Amino acid sequence: MARQTTKYANLLYYVSLALLLLGCVEYFKYSTRTNYEWFHCTPVMEPANESGSVKKLYAVGGPACDKRGEFKSIFNFITSNYDPNVESYSFCFVENTSLKSIHYPISNHDKGPAGYLAYIGYDSDKELVQHYCDGAGATVFHL
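Count along the sequence shown from 1, then add 910; that gives the number in my numbering.
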């Protein structure tokens, strides 16, 4: 009978341990979702002109959002939200060379200036994109 009790105690122990580990994973997923900006760069899109046809993109985030993370976030946003099968588009990246590669302070309020900006628009607005990119001295890419 004592051996049977030991089996149930071991079963209860391992089930409790598995539930505790599952709870820890779910808590981590919840905390990273609520503090997403702290862990990742979040792309921000603003209209670059009055009509809003050309967009200005940049990324903000916490200490993990350095220039490399900004560039990746902006490029992923462009490739996932603009479809070249619908209409070709033009874009350029403008680097803020006055910033170091790791430049965001550990603060929830002021993230500082962006390390990269991107101007993007469909080819119907190609001249306007070219104007913004030429003003910044950036190369225009077409997809």
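Every residue gets a Cβ at the ideal spot worked out from N, C-alpha and C, and that includes glycine. Predicted model only: the values in this text are computed from it and were never measured.
Taking 8 Å as the upper bound for CB-CB distance, G979 and T952 are not in contact here, some 10 Å apart. Per DSSP, A1028 lies in no alpha helix (DSSP H); the unbroken beta strand (DSSP E) holding it starts and ends at 1026-1032.
In the structure shown, S990 falls within a helical segment according to DSSP collapsed to helix, strand and coil.
When DSSP states are grouped into helix, strand and coil, S1000 belongs to the strand group. Under the three-state reduction of DSSP output, G979 falls in the helix class. Every beta strand (DSSP E) stretch that sits fully inside the segment 929-976 and reaches 3 residues is listed by chain position as 951-957, 965-971.
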